[in-house]
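Heads up: the sequence shown begins at 13 in the working numbering, then just goes up one per residue.
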Amino acid sequence: MSAADDALYAAAKKEGALNLYWGSYEQKTIEEIRDAFKAKYPGIEVSLLRQASQTIFTRLRLEIQNDAVQCDSIGTTNLLHYKDLQKLGAIQPFKPTNIDMVPEAFRSIDPENTYHVGAISLTTINQSTSVNAPPTSWTALLDAPWANQITTGSPAFSGDVASWVVAIRKKYGDDFLRAFTKQKPKVGQSNVDTVTDILSGERKVGSAAPFSYSLTQQAAGNPIGVTVPSDDAILNLGLTAVPTKAPHPNAGKLFTDFLYSVEVSNILAKNFWPTLRTDVPWAEGRTLESIKWYRNPVDNLAAEVAEGIAKWKEIVG
């Protein structure tokens with residue numbers, strides 16, 4: 013540990029607890045990160061609530077409204093959450109010790125240092141291995157064979173799906189959403205629901221699907237495949253912050269620091285997630301440069317996410 017982390021650990025150990033509200037990683041990965049934190053920093057009891065990003069955010073907002081904040085670290089995939097919390101003065105400035113190990117483009121995403129990158133997420137297509145010729149682009153999802161065969165999450169609950177909707181509207185406009193609706197997709201909440209539906213045999217193809225979690229399931233021997241669309245995987249950042257009124261603020265800050273450790277990036281690589289450190293390679297030799305991806309420009313992104321969610325509710329339902 014650095015001297016700064018050593019002092020932070022001492023303060024966090026006095027607090028004795030850490031409450032995580034996280035939606036950025038699926039259950040297995042965030043549990044492994046939690047367990048690694050507990051092993052490195054004994055004396056801090058860790059409570060983990062892992063739900064869809066919108067569910068996590070709604071709970072924290074209610075706690076703020078009732079002046080009864082229990083969350084020490086929030087991690088969601090929706091920029092709107094942090095803009096809202098920022099306006100309320102509900103998240104506190106903190107610059108993590110090892111933030112300079114993050115890819116340069118993601119180091120200074122908030123000039124006020126109230127939120128930071130907590131996950132790098134790629135949204136792609138997934139499919140049952142029973143599908144011989146899966147769709148190879150977003151527009152191919154609109155082809156006749158995929159009517160009544162598509163599963164997807166909802167931008168109202170998942171930040172990754174919201175980011176995908178913004179990107180799709182930029183690329184193809186609302187006509188895509190209208191045609192997509194005619195395919196009669198099954199709409200869940202989290203993008204992880206696409207994996208559940210495919211493995212259960214309920215649907216064959218997942219749209220706005222989680223790249224990393226799908227690869228993890230594939231590696232475990234489950235009948236699911238992953239396709240990176242020819243018209244770009246969508247890159248979204250999971251974000252994290254420490255609430256201003258966190259009951260254990262030093263523990264929350266220590267956990268933020270821990271996210272940029274070698275231990276966490278090794279866990280991410282093992283679970284097929286993009287690592288948060290530039291000196292820890294991804295699984296199977298993948299890199300940001302080896303995947304064709306698109307990230308929504310940050311200018312006006314909050315407004316575009318809100319508009320995308322509204323259009324989805326209007327068109328898709």
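Where a beta carbon is used, it is the ideal one built from N, C-alpha and C, also for glycine.
Neighbour-count burial assignment, Q195, 16 or more Cβ in a 10 Å radius: That one is buried.
Buried or exposed (CB count within 10 angstroms, at least 16 for buried), S212: The residue is exposed, with fewer than 16 neighbouring Cβ atoms inside 10 Å.
Residue environment, L30, which counts as buried when at least 16 other CB atoms sit within 10 Å: Buried.
Residue range of the unbroken alpha helix (DSSP H) whose run includes Q66: Going by DSSP, Q66 is part of the alpha helix (DSSP H) stretching over 65–77.
Pair within 8 Å by beta-carbon distance, A221 and Q66: Taking 8 Å as the Cβ cut-off, A221 and Q66 do not qualify as a contacting pair.
Residue interval of the beta strand (DSSP E) (run including R145): It should be pointed out that residue 145 corresponds to Ala in this sequence rather than to Arg. No beta strand (DSSP E) contains A145, which DSSP labels as neither H nor E.
7 Å Cβ shell around R215 - same chain, five flanking residues per side excluded: Q161, I162, T163, K198, D209.
Unbroken alpha helix (DSSP H) run spanning W193, endpoints: Note on identity: in this sequence residue 193 is Thr, with Trp being the wrong assignment. Its alpha helix (DSSP H) spans residues 186–194.
For P336: DSSP bridge partner residues: Look at the range of the chain in this structure, 13 to 329, and you will see that residue 336 is not part of it.
Whole-angstrom distance between D112 and Y94, CA atom to CA atom: Between the alpha carbons of Y94 and D112 lies a gap of roughly 21 Å.
Cα-Cα separation, T109 to Q63: If you take the alpha carbons of T109 and Q63, they lie about 28 Å apart.
Limits of the beta strand (DSSP E) - the one that A9 falls within: This structure cannot settle anything about residue 9, because the visible part of the chain is limited to 13 through 329.
Euclidean distance between Cα positions of T88 and A156: Straight-line spacing of the CA atoms in T88 and A156 works out to 35 Å.
Nearest-angstrom Cβ-Cβ length linking S140 and I236, presumed shorter than 8 Å: Yes, they are in contact, since the Cβ atoms of S140 and I236 sit about 7 Å apart, within 8 Å.
Under the three-state DSSP convention, the category W285 falls into: Three-state result, W285: coil.
According to DSSP, residues forming a beta bridge with G237: Beta-bridge annotation (DSSP): G237 is paired with Q139.
Buried/exposed call for L100, threshold 16 Cβ in 10 Å: Classification for L100: exposed.
N- and C-terminal bounds of the beta strand (DSSP E) containing I327: Segment 313–327 is the alpha helix (DSSP H) holding I327; no beta strand (DSSP E) there.
Cβ-Cβ distance between S224 and N283 below 8 Å: Yes, the pair counts as a contact, with Cβ atoms nearer than the cut-off.
Simplified DSSP assignment, three categories, for G171: Correct three-state label for G171: helix.
Helix, strand or coil at G130 [DSSP, three-state]: Strand at G130.
Proximity below 8 Å, CB of K257 to CB of V81: Contact: yes.
Simplified DSSP state of S277, which is helix, strand or coil: In this structure, S277 counts as helix in the three-state DSSP scheme.
Helix, strand or coil at T164 [DSSP, three-state]: It is a strand residue.
Closest by C-alpha distance to D255, when choosing among A322, T193, A51, T126: The question names Asp, yet the displayed sequence has Pro at residue 255. If we check each option's Cα against that of P255, T126 comes out closest.
Local conformation of K26 per DSSP, three classes: Look at K26 here: in three-state DSSP terms it is helix.
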